[in-house]
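Following: one structure in structure tokens, then a few remarks.
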Amino acid sequence: MTLSVTNTLTGEREEFEPGDPDDVLLYVCGLTVSDDAHLGHARVWTHSDVMHRWLAHEGYGVRHVENFTDVNEKIAARAGEEGLGDTEEEVAEQFMSSVIEDMRGLNLLRAEVYPRVSEHVPEIIDLIETLVEKGYAYESNGSVYFDVTEFPDYGKLSNQNIDEMEAQGEADERSEKRHPADFALWKADGVSDAALAEHRKDDRPVDDDADHGETWDSPWGDGRPGWHIECSAMSITHLGETLDIHVGGHDLVFPHHENEIAQSEAATGQQFARYWLHTGLLETKGEKMSSSLGNFFTVSGALEEFGVDVVRTFYLSTGYGSKQTFSEEAMAEAEERWERLERAYETASDRLDSTEARTKVEDEELRATVAETRKEFTRAMNDDFNVREAMAALLELAAGVNRHVDAHDEYDYRGLREAVETFEDLGGSVFGLSFGEEAGGDVSLADDVVELVLELRESEREAGNYERADDLRDRLEAMGVEVQDGDDGPTFRY
RNA sequence: GCCAAGGUGGCAGAGUCCGGCCGAACGCAGCGGCCUGCAGAGCCGCCCAUCGCCGGUUCAAAUCCGGCCCUUGGCUCCA
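In structure tokens, the structure reads:
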């Protein structure tokens, strides 16, 4: 069964054919570290993580690169804020370490490299020089712009049309730029994005004297790299001229990704990325979650409040390409889904421990469910990473396990073992959920203490002292220990 | 204005590429039953869908074609 993906470039679903199946080149557009990461960022991370995991699961070798943009005016602008450091570099460093912490917390597979803009300025300058030499870029007042009219394919990703853009703002001889759609590859010292935007709109002069952070020497004088060029430079450096999958949020299609294509393909003459996958945006109350709108929920806050598994389950209940709404209700539902899976997994592994490997019981229905789950999960994932349907398959397995346990007094060892393995493989390795992972720490001691309390409670129950028994249960509950009485005695989880 | 994505039950959200298995998945909420000292979990069953609107193609459309309405995103920093 082969994987097919929806390619933004063509707008169609295509069969996935990487340059080298043993070395699939995956580039994820990372974030600008000017603030704490929020749940919208984590959505891209989680979906690209699951893509990575699925490719690896299916036998592909994956080389995953994810950049950090640590040179940006918004970062520089925060220098001097309490607790953030006095320079652009320090501020970036600060946020970068918290982002890395978030990524760990989300249980993301590590990328091969996390390149930073500040460490790739020479490569960026080289790339710009190549573009200038080839006639795709020109210098103007110490800044360098990409000439969109020189690149016939400009607009192929976003279906934008240069002529229409031109109609909106006539090019002016006074302008630093030849065409309104031209974009900065290199910004002369003192030139800010804000000034550039104004310039683009009504031709106001581009220089202002505010301090916009560090500057670097270049053939065009001191300055800073433009926004889009970094991704081209870093991905070419680490993944070569043609990469297989480029992932990013939908809001980056234009202009960012369009410009990346223009720069990279103009410079190398090769196709930049084979497949462009764009993730839908996370919304709250009908608008996208974003740093600039200030309506965001931080990753660390969410991890603390809901836990990794619930956060991941939340993301996995919608396809990567669809937009998704964040709300307390949605998180509550994700929690129910995750717990349903987790409980079924625990039920299966507990019963497995108590049944003989050579048990004679065979439950064809259970075994069929396991087989069907694997088949359906694989089908769904290969169908443009349809995680929602893959998740549904896992939930069917949960129901299958519960049915088996409900209907039998003796259990099917092999069937249960296969179910447990399936949860660990598909739910654990592919979805990155914590099946079968003990929380660590003093767990064993805590477990023993709870067992002790439950033993006491059992004797109260046997004696008919239900009030006393319920009180013990309530008090455990208050500590976060959930107690359930079953045919085989009480079980607990926390 | 231009470009893109989307409008499916109380909520959420698959299915739309490749029309029939969709009388519409999975889940949450709600209702009934079983189980239980009780509770929870679980199991069984039920409830709620003119698949945005109008028209067309077809033996057959949520799925294809055309028009319209609405929402979100992009066109400025943005995952």
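Start counting the first sequence at 1; every next residue gets the next number (the UniProt record's numbering).
Note that beta-carbon positions come from the ideal geometry of N, C-alpha and C, so glycine has one too.
Source: prediction; values computed, not measured.
message: Using only the alpha-carbon positions, how far apart do H47 and G155 sit?
response: The residue labelled residue 47 in the question sits at position 47 within the first sequence. The residue labelled residue 155 in the question sits at position 155 within the first sequence. Taking the straight line joining both Cα atoms gives about 26 Å.
T325 versus P21: straight-line alpha-carbon distance, rounded: For the purposes of this step, residue 325 is taken as residue 325 along the first sequence, with counting starting at 1. For the purposes of this step, residue 21 is taken as residue 21 along the first sequence, with counting starting at 1. T325 and P21: Cα-Cα distance of roughly 35 Å.
- request: Kindly indicate the opening and closing residues of the beta strand (DSSP E) around F492.
  value: Translated into positions along the first sequence, residue 492 becomes position 492. Note, F492: beta strand (DSSP E), G489 to R493.
task: Provide the residue(s) that pair with Y275 in DSSP beta bridges, ordered along the chain.
output: In the first sequence, the residue the question calls residue 275 occupies position 275. Its beta-bridge partners are I245.
query: How big is the Cα-Cα spacing for F95 and G30?
result: Taking the first residue of the first sequence as position 1, residue 95 is located at position 95. Taking the first residue of the first sequence as position 1, residue 30 is located at position 30. Each residue's alpha carbon lies about 13 Å from the other.
query: In its own chain, which residues sit with a C-beta less than 6 Å from the C-beta of S434, not counting the 5 before and 5 after it?
result: Here residue 434 corresponds to residue number 434 of the first sequence, with the count starting at 1. These residues qualify, in order along the chain: D309.
- request: Decide if A111 is buried, meaning its Cβ has at least 16 other Cβ atoms within 10 Å, or exposed.
  value: Taking the first sequence and counting its residues from 1, one reaches residue 111 at position 111. By the 10 Å Cβ count, A111 comes out buried.
query: Nearest to E119 by CA position, among T491, E230 and L303, is which residue?
result: Along the first sequence, read from residue 1 onward, the residue named residue 119 stands at position 119. Of T491, E230 and L303, the residue nearest in Cα terms is E230.
task: Measure the Cβ-Cβ separation of F431 and L316 and say whether it is below 8 Å.
output: In the first sequence, residue 431 corresponds to position 431, counting from 1. In the first sequence, residue 316 corresponds to position 316, counting from 1. A contact, by the Cβ cut-off of 8 Å.
query: Grouping DSSP H, G and I as helix and E and B as strand, with all else coil, what is W227?
result: Counted from its first residue, the first sequence places residue 227 at position 227. Note: W227 maps to coil in three-state DSSP.
- request: Might you give, ordered along the chain, the residues of its own chain that have their beta carbon closer than 7 Å to the beta carbon of D409, omitting 5 neighbours on each side?
  value: The residue labelled residue 409 in the question sits at position 409 within the first sequence. No residues qualify anywhere along the chain.
query: Among T8, R493 and L394, which residue has its Cα nearest to the Cα of G249?
result: Sequence index remark: in the first sequence, residue 249 carries index 249 (1-based). That would be T8, whose Cα lies nearest to the Cα of G249.
task: My understanding is that L3 touches D49, with C-beta atoms under 8 Å, so please give their C-beta distance in whole angstroms.
output: Taking the first sequence and counting its residues from 1, the one referred to as residue 3 is at position 3. Taking the first sequence and counting its residues from 1, the one referred to as residue 49 is at position 49. Between D49 and L3 the Cβ distance is about 16 Å, and since that is not below 8 Å, they are no contact.
- prompt: What's the gap between the Cα of E93 and the Cα of R274?
  reply: Locating residue 93 in the first sequence gives position 93, counting from the first residue. Locating residue 274 in the first sequence gives position 274, counting from the first residue. The straight-line gap from Cα to Cα measures roughly 33 Å.
- prompt: Looking at C-alpha atoms only, which residue of H256, V71 and G415 is the closest neighbour of residue 498?
  reply: The requested residue 498 is not part of the displayed model; the chain covers only 1 to 494.
message: Between the alpha carbons of S34 and V481, how many angstroms are there, rounded?
response: Locating residue 34 in the first sequence gives position 34, where the first residue counts as 1. Locating residue 481 in the first sequence gives position 481, where the first residue counts as 1. Approximately 40 Å, taken between the alpha carbons.
task: Kindly indicate which three-state DSSP category L454 falls into: helix, strand or coil?
output: On the first sequence, position 454 is the one that residue 454 refers to. Of the three classes helix, strand and coil, the one that applies to L454 here is helix, per DSSP.
task: State the start and end residues of the unbroken beta strand (DSSP E) segment that holds Q484.
output: The residue labelled residue 484 in the question sits at position 484 within the first sequence. Note, Q484: beta strand (DSSP E), E482 to G486.
query: Tell me, which residues are paired with Y145 by DSSP?
result: Numbered from its first residue, the first sequence carries residue 145 at position 145. Note: Y145 sits in a beta bridge opposite Y138 and A184.
- request: Tell me where the alpha helix (DSSP H) around N382 begins and ends.
  value: As a first step, residue 382 must be located in the first sequence, where it is residue number 382. Its alpha helix (DSSP H) spans residues E364 to N382.
message: Can you find the residues in the same chain that come closer than 6 Å, C-beta to C-beta, to E88, ignoring five residues on each side of it along the sequence?
response: Position 88 of the first sequence, counted from the start, is the residue given in the question as residue 88. Within the same chain, E88 has close Cβ partners I75, A76, A79, G213 and E214.
message: So for V28, helix, strand or coil by DSSP?
response: For the purposes of this step, residue 28 is taken as residue 28 along the first sequence, with counting starting at 1. Residue state, collapsed to three classes: strand.
message: For a test of the three-state rule: what should DSSP assign to Q168, helix, strand or coil?
response: As a working note, residue 168 is residue 168 in the first sequence. The pLDDT assigned to Q168 is 44, lower than 50, so where the model puts this residue is not dependable; a value taken from the coordinates is nonetheless given after this. In this structure, Q168 counts as helix in the three-state DSSP scheme.
query: Can the beta-carbon of H38 be found closer than 8 Å to that of S291?
result: As a first step, residue 38 must be located in the first sequence, where it is residue number 38. As a first step, residue 291 must be located in the first sequence, where it is residue number 291. Yes, these two residues count as a Cβ contact at 8 Å.
query: Within this structure, are the beta carbons of L55 and V28 separated by less than 8 Å?
result: Along the first sequence, read from residue 1 onward, the residue named residue 55 stands at position 55. Along the first sequence, read from residue 1 onward, the residue named residue 28 stands at position 28. Against a cut-off of 8 Å, the Cβ pair of V28 and L55 comes out as no contact.
- prompt: From L277 to A344, what does the alpha carbon distance come to, in whole angstroms?
  reply: Taking the first residue of the first sequence as position 1, residue 277 is located at position 277. Taking the first residue of the first sequence as position 1, residue 344 is located at position 344. Spanning the two alpha carbons is a distance of roughly 34 Å.
message: If you follow the beta strand (DSSP E) that D401 is in, where does it begin and where does it stop?
response: Position 401 of the first sequence, counting from 1, holds the residue named residue 401. Reading off the sequence, residue 401 comes out as Val, not Asp. Per DSSP, V401 belongs to no beta strand (DSSP E); it is in the alpha helix (DSSP H), V387 to A407.
query: DSSP beta-bridge partners for W216?
result: Along the first sequence, read from residue 1 onward, the residue named residue 216 stands at position 216. G223, per the DSSP bridge assignment.
- request: For my contact list, V191 and S140 are in at a C-beta cut-off of 8 Å; report their separation, rounded to the angstrom.
  value: The residue given as residue 191 occupies position 191 in the first sequence. The residue given as residue 140 occupies position 140 in the first sequence. Their Cβ separation, rounded to whole angstroms, is 11 Å, which puts V191 and S140 out of contact at 8 Å.
query: Nearest-angstrom Cα distance between V370 and F492?
result: Against the first sequence, residue 370 aligns to sequence position 370. Against the first sequence, residue 492 aligns to sequence position 492. Using only the alpha carbons, I get a separation of about 26 Å.
- request: Just the C-alpha distance for L303 and M479, rounded to the nearest angstrom, thanks.
  value: Taking the first sequence and counting its residues from 1, one reaches residue 303 at position 303. Taking the first sequence and counting its residues from 1, one reaches residue 479 at position 479. If I take the Cα positions, the gap works out to 20 Å.
task: Look at the alpha carbon of L476 and the alpha carbon of M331, and state the distance between them as a whole number of angstroms.
output: Reading the first sequence from its first residue, position 476 is the one you call residue 476. Reading the first sequence from its first residue, position 331 is the one you call residue 331. So the alpha carbons of these two residues sit roughly 25 Å apart.
message: Between the alpha carbons of D353 and Y411, how many angstroms are there, rounded?
response: Stepping through the first sequence from its first residue, residue 353 is reached at position 353. Stepping through the first sequence from its first residue, residue 411 is reached at position 411. If you take the alpha carbons of D353 and Y411, they lie about 11 Å apart.
task: Tell me the start and end of each unbroken alpha helix (DSSP H) in the segment 93 to 135 that is at least 4 residues and wholly inside, in chain order.
output: 121 to 133
query: For P180, does the count of other Cβ atoms within 10 angstroms reach 16, so buried, or fall short, so exposed?
result: Position 180 of the first sequence, counting from 1, holds the residue named residue 180. Buried, since its Cβ has 16 or more Cβ neighbours within 10 Å.
Segments assigned beta strand (DSSP E), at least 3 residues, entirely inside the segment 9 to 91: 12 to 15, 24 to 28 and 62 to 66
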